[in-house]
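Q:
There are 2 protein chains.
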Amino acid sequence: MSQRQTFHGTGALAFSTKGEYGVRLMVQLGRRYGSGPASLAEIAADEDLPRPYLEQLAIALRDADLVVSTRGARGGYELSRPPVEIPMADILRALEGPIAPMVCASEEPEHLPGCDRTSRCTVNLLWLRIRDAITDTLDAITLADLVPSRTIALEGLAGRTSGNGHDPNTPREAVTA
Amino acid sequence: MSQRQTFHGTGALAFSTKGEYGVRLMVQLGRRYGSGPASLAEIAADEDLPRPYLEQLAIALRDADLVVSTRGARGGYELSRPPVEIPMADILRALEGPIAPMVCASEEPEHLPGCDRTSRCTVNLLWLRIRDAITDTLDAITLADLVPSRTIALEGLAGRTSGNGHDPNTPREAVTA
DNA sequence: TCAATCCCGACAAGATCCGTCGGGATTACG
DNA sequence: CGTAATCCCGACGGATCTTGTCGGGATTGA
Chain E
6 MSQRQTFHGT GALAFSTKGE YGVRLMVQLG RRYGSGPASL AEIAADEDLP
56 RPYLEQLAIA LRDADLVVST RGARGGYELS RPPVEIPMAD ILRALEGPIA
106 PMVCASEEPE HLPGCDRTSR CTVNLLWLRI RDAITDTLDA ITLADLVPSR
156 TIALEGLAGR TSGNGHDPNT PREAVTA
Chain C
6 MSQRQTFHGT GALAFSTKGE YGVRLMVQLG RRYGSGPASL AEIAADEDLP
56 RPYLEQLAIA LRDADLVVST RGARGGYELS RPPVEIPMAD ILRALEGPIA
106 PMVCASEEPE HLPGCDRTSR CTVNLLWLRI RDAITDTLDA ITLADLVPSR
156 TIALEGLAGR TSGNGHDPNT PREAVTA
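Residue numbers (the numbering used here), protein chains in the order written: chain E, 6 to 182; chain C, 6 to 182.
Okay, here's the thing in structure tokens:
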């Protein structure tokens, strides 16, 4: 598991591992939604991620009211509301900060620097359009879209199950990564 | 002009100054299109950017066949074709590399790492959608859209020079965060 | 010739990323 | 009550990237 240290962002507009791991964490919580708290140790094992690092991400998600924590033995984290009510934009903002392809196009007004150029800056239009394209996409996708359901498969992935009840394949076989 | 060194990317999905400066450079070249080569010294002065740094960016743009250079005295750079034929996507790719919000969603297949997870990775869908939203936007905007024409001004950009960065008139668009 | 300009590789300060580490607080369970 | 499990939190550090600077070489117009 030791430090990967091969840097993550090889291209433009890259999310960091915070975003990647955090989203994977949320997907795991989505799968477990309704089953009580899940411990980070369990999820770290399932996703093969360093648990101490996940703790930092979980705290950020908790501070954003996306998950709730239960302390003590048998504690853990669970979603604060159903996956369908959690847009991916909220998750990624909690993990990575406001979406801002350029400083002068941040979602957070206080991050705007003293860009005395904005008035005559036609380039600003570009950054705003990119930002809006991203946020629109991120607002339209919810966590439910990424959580594989036992009964409702992502469109295109067949897998209809007429006889509800037990599902023979999914439960708890830790995706051997 | 000395080193700014206050870091640039304060939010998620941020371009670096390479992208910012490079786009500004291209806009300047767009304004001068048809007037022969423009020297970097001139543009650096206009945009208040360090000329040695612009040189690096210019070389990247030249290698991508977006500009052509003329060496020697009275030399400089000029666009290789009219601004309307230069999509912003090409510019930013030349400056910042392939658009890849996540390593497993790069435009360049060879950048895809040994992600043995991709097959069962529902999260990948998210990164691909973000990438497509960005590239679609960037493909639709050309340099001509950012070059202020002398006769056709961008409407809606009423000049304002109060200077302190806060503007009561700017419509604040759906920042629900 | 001379100056302007592109061309190019090397270098470096500082910031961020990606975790690790160690402990403290809280709670379930026997 | 004691212990183990679990969240909570701040500090730390190596690797890497960013953001330029610097110095010189090559090419060309006047």
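Glycine residues also receive a C-beta, built at the ideal position from the N, C-alpha and C atoms.
Would THR127(E) and PRO87(C) be called neighbours here (beta carbons separated by less than 8 Å)?
A: no
Q: First and last residue of the alpha helix (DSSP H) that includes GLY81(E)?
A: Where GLY81(E) is concerned, there is no enclosing alpha helix (DSSP H), although the beta strand (DSSP E) it sits in stretches over 81-84.
Q: Taking buried to mean at least 16 other C-beta atoms within 10 Å of its own C-beta, is ALA32(C) buried or exposed?
A: Rather than Ala, the amino acid found at residue 32(C) in this sequence is Val. Result: buried.
Q: For the region 76-110 of chain E, which residues have a beta carbon sitting closer than 7 Å to at least one beta carbon of chain C?
A: MET93, LEU97, ARG98, GLU101, GLY102, PRO103, ILE104, ALA105, PRO106, MET107 and VAL108
Q: Show which residues of chain E have a CB atom less than 8 Å away from the CB atom of ARG29(C).
A: VAL128
Q: Going by CA-CA distance only, name the one from ARG37(C), GLY102(C), GLY80(C) and ALA94(C) that's closest to ASP51(C).
A: ARG37(C)
Q: Would you identify the three-state DSSP class for ILE104(C), choosing helix, strand or coil?
A: strand
Q: Where GLY14(E) and PRO106(C) are concerned, what is the direct C-alpha to C-alpha distance, given to the nearest angstrom?
A: 8 Å
Q: Counting along the chain, where does the alpha helix (DSSP H) carrying THR142(C) start and finish?
A: 128-145
Q: Could you list which residues in chain E have their beta carbon closer than 7 Å to that of ARG134(C), in chain order?
A: THR142 and ILE146
Q: Can you give me the C-alpha to C-alpha distance between LEU131(E) and PRO57(C), rounded to a whole angstrom?
A: 25 Å
Q: Between the Cα of ILE91(C) and those of VAL72(C), ASP53(C), ASP68(C) and GLY81(C), spot the shortest distance and give me the residue it belongs to.
A: VAL72(C)
Q: What is the DSSP secondary structure of VAL73(C), counted as helix, strand or coil?
A: Looking at VAL73(C) - three-state DSSP - the assignment turns out to be strand.
Q: Is the Cβ of GLY39(C) closer than 8 Å to any Cβ of chain E?
A: no
Q: Cβ closer than 8 Å: which chain C residues qualify as neighbours of LEU71(E)?
A: Residues of chain C passing the Cβ test: none, with the nearest at roughly 13 Å.
Q: For the alpha helix (DSSP H) that THR15(C) lies in, which residues bound it at each end?
A: Element bounds for THR15(C): n/a, residue is neither H nor E.
Q: Return the Cβ separation of GLY81(E) and ALA43(E) in integer angstroms, given the expectation that the two are a contact with Cβ distance under 8 Å.
A: 5 Å
Q: Within a Cβ cutoff of 7 Å, which residues of the same chain sit near ALA46(E), ignoring the five residues on either side of it in sequence?
A: Here the set comprises ARG56.
Q: ALA94(C): which of ASP53(C), ALA19(C), LEU148(C) and ARG29(C) sits nearest, CA to CA?
A: LEU148(C)
Q: For GLU5(E) and TYR26(E), I'd like the C-alpha separation in whole angstroms.
A: No answer is possible for residue 5(E): it lies beyond the span of chain E, which begins at 6 and ends at 182.
Q: Between the Cα of LEU97(C) and the Cα atoms of ASP53(C), ILE48(C) and ILE139(C), which residue gives the shortest distance?
A: Considering only ASP53(C), ILE48(C) and ILE139(C), the residue with the shortest C-alpha distance to LEU97(C) is ILE139(C).
Q: From ARG136(C), ARG29(C), LEU133(C) and ALA17(C), pick the residue whose C-alpha is nearest to that of LEU151(C); which is it?
A: ARG29(C)
Q: Less than 8 Å between the CB atoms is what I'm expecting for ILE48(E) and GLY16(C), so what's the real figure, rounded?
A: That pair is no contact at about 27 Å.
Q: Answer yes or no: do ALA65(E) and ALA99(E) have a C-beta to C-beta separation smaller than 8 Å?
A: Annotated as proximal: ALA65(E) and ALA99(E), with beta-carbon spacing under 8 Å.
Q: Could one say the Cβ of PRO153(E) lies closer than 8 Å to chain C's Cβ atoms, at least one of them?
A: With 8 Å as the cut-off, PRO153(E) counts as an interface residue toward chain C.
Q: 8 Å is my cut-off, CB to CB: does LEU34(C) come that close to chain E?
A: no
Q: Compare the C-beta of ALA138(E) with all C-beta atoms of chain C and state if any pair is closer than 8 Å.
A: yes
Q: I'd like the list of long-range same chain contacts for ILE135(E), defined as Cβ closer than 6 Å, with 5 residues on each side in sequence excluded.
A: PRO106
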